[in-house]
Each structure stands twice: as structure tokens, then as C-alpha cells.
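Heads up, the thing below is written out as C-alpha cells.
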Amino acid sequence: MEATQKLELMDKILRELDDLKNSETAVVQKIAKLEIDNMTLSDKMLDTKLSDIYSEAINMVDHINETQTEFDLKRNKFEQENNLAQKPAE
Numbered sequence: 004m005e006a007t008q009k010l011e012l013m014d015k016i017l018r019e020l021d022d023l024k025n026s027e028t029a030v031v032q033k034i035a036k037l038e039i040d041n042m043t044l045s046d047k048m049l050d051t052k053l054s055d056i057y058s059e060a061i062n063m064v065d066h067i068n069e070t071q072t073e074f075d076l077k078r079n080k081f082e083q084e085n086n087l088a089q090k091p092a093e
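Sequence positions in the sequence shown follow the working numbering and run 4 to 93.
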């Protein structure tokens with residue numbers, strides 16, 4: 004695979020990681036809404052389960068962020084090492 008193709012694929016993966024993070028953030032928000040609804044209902048099983056699910060979803064967002072940050076650094080290093088940096092248009 005040529006360096007430019009590899010860089011394009013790395014960019015695609017970063018976009019997909021961002022999309023994944025956004026999707027998981029939406030899941031976290033939905034769980035939070037369920038927890039708020041359950042405050043009215045006061046179901047103990049839901050209270051426990053939703054809290055666990057929320058924690059796991061938050062951990063997933065954290066893992067995605069870490070992966071995205073590390074991969075972005077790797078991508079930028081690859082771009083620099085292969086002299087592929089885009090020059091700004093004048």
C-alpha cells in the first residue's frame with residue numbers, strides 16, 4: 004500500500020472513530036434519560052442495572068477517546084515521516 008493510500012485509510016479510520024464516539028455518546032445520553040425516568044418509577048432493579056450500563060458506556064467513550072488520540076498521533080507521525088503534509092492554499 005502506498006503512503007498516500009495508507010494516510011487516506013488512517014483518516015477514514017479517524018472519522019469512523021469519531022462517528023463511533025458520537026454514537027456511544029448518544030447511548031450515554033439515552034441511558035441518562037432512562038435513569039431520570041426511573042427516579043419517578045423508583046424501580047430498584049432498573050436503578051442498579053442502568054447504573055451499571057451507564058458506567059460501561061462511559062468507559063467505552065473513554066476507550067474510544069484514548070484510541071482516537073493515540074491513533075491521531077500515530078497518523079500525524081506517519082504523515083510527517085512520509086512528507087505527506089498538505090500545504091495550505093495561498
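Cβ coordinates follow ideal geometry from the N, Cα and C atoms, glycine included.
Helix, strand or coil for residue i per DSSP?
{"i": "M48", "result": "helix"}
{"i": "Q89", "result": "coil"}
{"i": "M4", "result": "coil"}
With 16 other CB atoms within 10 Å as the buried threshold, where does residue i fall?
{"i": "A60", "result": "buried"}
{"i": "E11", "result": "exposed"}
If you compare alpha carbons, which of the options is closest to residue i?
{"i": "K52", "options": "D65, E38 and M63", "result": "E38"}
Taking C-beta to C-beta, are residue i and residue j nearer than 8 angstroms?
{"i": "L20", "j": "Q89", "result": "no"}
{"i": "I16", "j": "I34", "result": "no"}
{"i": "E5", "j": "M63", "result": "no"}
{"i": "N68", "j": "K24", "result": "yes"}
{"i": "T7", "j": "L87", "result": "yes"}
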